[in-house]
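Only one structure is covered here, and it is reproduced in the block below.
There are 2 protein chains.
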Amino acid sequence: MNTFLPAGYRYAGVRAGINPSSDKSKKDLALIISGVPAVAAGVFTKNRVKAAPVLLCKRRINNKISAIVVNSGNANACTGQQGFDDAVRMGRTLAELLDVPETRTLVCSTGTIGVPMPVKVIDAGIRDAVTKLAPDSADDVASAIMTTDTKPKQVTRTFNIGGRQITVHGLAKGSGMISPNMATMLAFILTDAAVDRPALKSCLKDAVDLSFNRVTVDGDMSTNDTVIALANGLADNKPLRPGAPGWKAFQTAIREVTLELALMIAADGEGATKLVTVIVRGAASPKDAQLAAKSVANSLLVKTAWYGSDPNWGRVMAALGYSGAKIQPDRVSISYNDLCVVRNGISANAPIKRFSEIIEHPKFTIEISLGLGKNETTVYSCDISHEYVNLNASYMT
Amino acid sequence: MNTFLPAGYRYAGVRAGINPSSDKSKKDLALIISGVPAVAAGVFTKNRVKAAPVLLCKRRINNKISAIVVNSGNANACTGQQGFDDAVRMGRTLAELLDVPETRTLVCSTGTIGVPMPVKVIDAGIRDAVTKLAPDSADDVASAIMTTDTKPKQVTRTFNIGGRQITVHGLAKGSGMISPNMATMLAFILTDAAVDRPALKSCLKDAVDLSFNRVTVDGDMSTNDTVIALANGLADNKPLRPGAPGWKAFQTAIREVTLELALMIAADGEGATKLVTVIVRGAASPKDAQLAAKSVANSLLVKTAWYGSDPNWGRVMAALGYSGAKIQPDRVSISYNDLCVVRNGISANAPIKRFSEIIEHPKFTIEISLGLGKNETTVYSCDISHEYVNLNASYMT
């Protein structure tokens with residue numbers, strides 16, 4: 024992939040051998056370095072069981088950041104004080120090699136839960152990776168952070184502010200496992216824009232709510248989910264903040280990059296064959312819209328019906344009914360793409376052939392109208408396939 | 024199955040041909056008749072989208088009941104006013120044939136959602152079934168109400184009160200589909216005891232909370248779930264109520280029958296290969312215990328790990344962490360049967376071989392201690408297999 028990258032970053036991705044049972048050619052350790060300390064912002068998992076690197080990042084995210092070390096193959100979660108010390112050690116090793124304060128490093132991990140980190144393997148991997156840092160090696164990072172992802176995920180946007188070209192570059196990994204353990208979503212948004220820290224923080228939060236927080240693969244929330252944004256200011260624009268020239272363009276770029284990465288994650292969900300957009304309109308409250316959309320998007324019966332191309336709107340009605348959202352069955356309408364299949368809670372007698380054709384596609388939209396108010400939301404989901412069961416049932420050998 | 028049955032009931036189960044695409048030898052219409060009008064109690068789905076027969080039963084459950092007609096193959100859900108009229112008609116047809124008031128009939132359905140009832144087929148089936156009513160045909164009812172269940176489910180208990188023998192007989196169908204549609208749980212608890220209506224109602228509610236409400240197959244809640252208890256008084260005991268002689272024995276019998284049926288349902292979940300009991304202790308509140316247990320029992324990642332015999336406690340920790348229950352990771356302990364695998368939130372270094380042996384069994388228990396209080400609960404669950412995806416992805420042909 025030939026991505027256009029922001030100024031001032033260097034990248035490396037290497038094979039350290041963190042999980043000895045995984046593919047022996049798979050890169051599993053990555054570095055992202057900003058030559059100039061960058062303003063940072065982060066959004067982290069709401070799971071009350073947080074991996075050690077999440078706890079460490081939360082402590083350091085308000086510092087200026089010079090370097091991020093990321094590994095796949097071990098989540099460093101449920102590893103206690105030793106796990107936290109190991110995460111600190113990873114940052115310290117990198118800081119010493121780069122000669123930056125260790126408080127300017129961040130650490131992210133994804134992989135198996137509950138297994139102590141192989142610290143020597145990781146130390147060696149960091150030393151190796153530092154020798155390979157290059158401004159055009161972002162592809163190696165995108166590969167090294169993958170677990171069961173089938174494709175690396177990168178997106179860029181460029182735009183101009185007062186004659187300065189600004190680049191926003193995103194890298195992500197989605198739901199997946201390297202050995203059978205907790206799926207983890209990681210994303211890194213890198214830009215050469217100059218941005219005020221509070222502005223970056225609110226911009227990232229807003230973009231995550233509109234993108235990653237609207238993706239559901241299996242409804243399970245990881246101990247390691249992390250989204251980090253760095254802005255190193257090398258584009259030399261006047262610092263961006265709400266209301267300033269270029270702010271809207273910046274906000275749009277961040278939103279577009281995160282949304283595109285989120286859709287890549289949904290489409291590449293474990294074993295997924297279909298990307299389904301679920302839109303709920305006419306909800307009595309914003310919370311009702313969320314409850315209804317997530318209930319449909321997470322229902323195992325709905326997701327297996329998508330997999331089987333089954334024109335089965337009854338399962339959608341049932342999922343709405345138990346969602347906890349305010350529902351009046353005789354006000355509900357449901358369309359698949361532009362085909363209305365339910366009107367006022369009962370069959371609209373849509374031609375079964377057209378209905379079947381729509382849900383055989385690898386991408387379609389379900390639009391649900393609750394007829395109770397003006398609130399709406401959109402959620403991105405995928406089907407549950409035999410391959411999902413394969414990937415998640417197999418033992419770690 | 025040679026069950027000992029309560030006095031005064033007659034049963035029939037026939038093939039009506041309600042879903043023409045299903046197995047041509049499968050019985051799909053059943054009658055349960057009490058010669059003496061019985062005191063009734065019911066517990067119904069909390070789904071806001073309720074099938075027509077659920078709406079009808081809720082109206083009639085406080086009447087004395089003489090007859091129940093049950094069909095599989097069509098749920099009569101999301102069928103609007105026509106569906107309600109069809110349910111009324113089923114009860115009326117039966118009432119006329121038996122010469123009882125139609126308000127003394129109940130109607131239950133399970134099967135495909137959103138398809139109009141084939142009323143002529145059902146009428147003919149009811150007429151046929153009435154000619155076959157017999158006091159020893161309960162097996163036919165147990166078969167006729169099945170959808171994707173692999174086994175019929177019946178349980179009986181007998182006990183004495185003041186020299187009178189009392190029998191409690193339960194029939195149930197579990198999560199399953201006849202053509203690809205919403206799973207439905209139906210259960211009928213029949214007894215010849217004399218019971219006060221309020222006492223029967225509270226006894227049934229209590230038993231359902233301890234049994235059916237603790238079973239989770241896929242987390243999806245049906246539009247048709249119904250549990251009905253009838254007590255016709257033919258055992259001629261002094262009417263049972265709390266505090267009366269025999270009340271405890273009656274309550275125990277109802278609890279045992281419903282729990283045994285519930286465990287049969289969990290073990291026979293669609294494609295299930297393992298029955299897993301999840302016990303949560305030490306929760307800060309009763310609600311926290313429920314949230315934690317249901318989160319673990321419903322997690323797709325946990326359930327696929329059970330299927331794959333994967334000794335993967337990390338997924339249990341993660342499910343606890345996002346359950347919404349109050350959790351302090353460093354106070355959590357987890358045991359599989361008697362093997363402690365997590366102590367204070369980190370690996371207890373249990374021998375992996377013993378751990379693997381336990382979860383390869385078709386039945387095991389996960390006991391979670393949260394260390395935050397004195398509240399506990401138990402939930403019965405099963406794994407998610409390839410066969411689950413097969414059953415729920417296939418199109419209705």
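Protein chains in written order, with this note's numbering: chain F, 24 to 420; chain W, 24 to 420.
Ideal Cβ placement from N, Cα and C applies to all residues, glycine included.
Computed from a predicted model, the values in this text were never measured in an experiment.
Secondary structure of residue i, DSSP reduced to three states
{"i": "Arg-71(W)", "result": "coil"}
{"i": "Thr-171(W)", "result": "coil"}
{"i": "Val-240(F)", "result": "coil"}
{"i": "His-192(W)", "result": "strand"}
{"i": "Glu-293(F)", "result": "coil"}
{"i": "Arg-264(W)", "result": "coil"}
{"i": "Phe-27(W)", "result": "coil"}
{"i": "Gly-114(F)", "result": "helix"}
{"i": "Pro-60(W)", "result": "strand"}
{"i": "Ser-379(F)", "result": "helix"}
{"i": "Asn-204(W)", "result": "Model confidence at Asn-204(W) stands at a pLDDT of 40, short of 50, so the residue's coordinates are unreliable and nothing is read from them."}
{"i": "Lys-47(F)", "result": "coil"}
{"i": "Val-250(W)", "result": "strand"}
{"i": "Lys-87(F)", "result": "coil"}
{"i": "Arg-38(F)", "result": "coil"}
{"i": "Gly-134(F)", "result": "strand"}
{"i": "Leu-395(W)", "result": "coil"}
{"i": "Ile-350(W)", "result": "coil"}
{"i": "Ser-245(F)", "result": "coil"}
{"i": "Asn-415(W)", "result": "helix"}
{"i": "Lys-155(F)", "result": "coil"}
{"i": "Ser-95(F)", "result": "strand"}
{"i": "Ala-230(W)", "result": "helix"}
{"i": "Gly-256(F)", "result": "coil"}
Residues that residue i contacts on chain F, provided the C-beta gap is smaller than 8 Å
{"i": "Cys-466(W)", "result": "Only positions 24 to 420 of chain W appear in the structure, and residue 466(W) is not among them; the question remains open."}
{"i": "Thr-281(W)", "result": "Those within 8 Å of Thr-281(W) in chain F number zero; the least Cβ separation is about 21 Å."}
Residues of its chain near residue i, where Cβ-Cβ distance is below 7 Å and the 5 sequence neighbours each way are ignored
{"i": "Ile-184(W)", "result": "Asn-260, Pro-268, Gly-269, Ala-272"}
{"i": "Leu-395(W)", "result": "Gly-305, Ala-306, Ala-307, Lys-349, Gln-351, Arg-354"}
{"i": "Pro-21(W)", "result": "Missing from the structure shown is residue 21(W); chain W here goes from 24 to 420 and no further."}
{"i": "Thr-296(F)", "result": "Tyr-330, Pro-385, Asp-406, Ser-408"}
Per-residue contacts from residue i into chain W (C-beta, under 9 Å)
{"i": "Asp-243(F)", "result": "Ser-322, Leu-323, Leu-324, Val-325, Arg-338, Ala-341, Ala-342, Tyr-345"}
{"i": "Gly-305(F)", "result": "Under the 9 Å cutoff, chain W gives no residues; its nearest Cβ is about 15 Å from Gly-305(F)."}
{"i": "Asp-172(F)", "result": "The premise fails here: Asp-172(F) is roughly 16 Å from chain W at the closest Cβ pair, so nothing lies under 9 Å."}
Contacts of residue i in chain W (Cβ-Cβ under 8 Å)
{"i": "His-384(F)", "result": "Correct list: empty, because the minimum Cβ distance to chain W is about 15 Å."}
{"i": "Gly-137(F)", "result": "Trp-336, Gly-337, Met-340, Val-365, Ile-369, Ser-370"}
{"i": "Ile-350(F)", "result": "Arg-71, Val-72"}
{"i": "Gly-8(F)", "result": "No answer is possible for residue 8(F): it lies beyond the span of chain F, which begins at 24 and ends at 420."}
Residues bridged to residue i [DSSP beta-bridge criterion]
{"i": "Cys-405(W)", "result": "Leu-298(W)"}
{"i": "Thr-388(F)", "result": "Thr-300(F)"}
{"i": "Gln-104(F)", "result": "Paired residue(s): none; Gln-104(F) is not in a bridge."}
{"i": "Thr-181(F)", "result": "Thr-190(F)"}
{"i": "Arg-127(W)", "result": "Paired residue(s): none; Arg-127(W) is not in a bridge."}
{"i": "Gly-65(F)", "result": "Ile-251(F)"}
{"i": "Ile-145(W)", "result": "For Ile-145(W), which the question treats as bridged, DSSP gives no partner whatsoever."}
{"i": "Ile-357(W)", "result": "Val-365(W), Ile-391(W)"}
{"i": "Ser-370(F)", "result": "Val-365(F)"}
{"i": "Tyr-32(W)", "result": "Ser-57(W)"}
{"i": "Lys-176(W)", "result": "Ala-195(W)"}
Listed by chain order, chain F residues near residue i by CB distance under 9 Å
{"i": "Val-412(W)", "result": "Thr-327, Tyr-330, Gly-331, Ile-407, Ser-408, His-409, Tyr-411, Val-412"}
{"i": "Thr-181(W)", "result": "Going along chain F, no residue has its Cβ under 9 Å from Thr-181(W), so there is no contact; the nearest lies around 37 Å."}
8 Å CB neighbourhood of residue i in its chain, flanking five on each side removed
{"i": "Gly-294(F)", "result": "Ile-407, Ser-408, His-409, Glu-410, Tyr-411, Val-412, Asn-413, Leu-414"}
{"i": "Ile-389(F)", "result": "Val-299, Thr-300, Val-301, Ile-302, Val-319, Val-339, Ile-357, Ser-358, Tyr-359"}
{"i": "Arg-237(F)", "result": "Ala-285, Thr-400, Thr-401, Val-402, Tyr-403"}
{"i": "Lys-224(F)", "result": "Ala-64"}
Cβ-based neighbour list, residue i, same chain, cut-off 6 Å, excluding 5 preceding and 5 following
{"i": "Val-93(W)", "result": "Ala-53, Cys-131, Ile-168"}
{"i": "Glu-125(F)", "result": "Gly-114, Arg-115, Ala-118"}
{"i": "Pro-262(W)", "result": "Ala-217, Asp-219"}
Chain-ordered chain W contacts of residue i [CB-CB under 7 Å]
{"i": "Ala-100(F)", "result": "Gly-337"}
{"i": "Thr-249(F)", "result": "Per Cβ cutoff of 7 Å: no residues; Thr-249(F) is ~15 Å from chain W at best."}
{"i": "Thr-126(F)", "result": "In chain order: nothing, as chain W lies at least about 25 Å away."}
- request: State whether the region 84 to 100 of chain W contacts the region 63 to 74 of chain W, with contact taken as three or more CB pairs (one from each stretch) at a distance under 8 Å.
  value: yes
message: So, does the region 398 to 407 of chain F touch the region 128 to 146 of chain W, judging by three or more C-beta pairs under 8 Å?
response: no
- request: Determine, using beta-carbon pairs with one atom in the region 27 to 39 of chain F and one in the region 143 to 156 of chain F, whether at least three such pairs fall under 8 Å.
  value: yes
Contact between the region 247 to 259 of chain W and the region 55 to 71 of chain W (3+ Cβ pairs under 8 Å): yes
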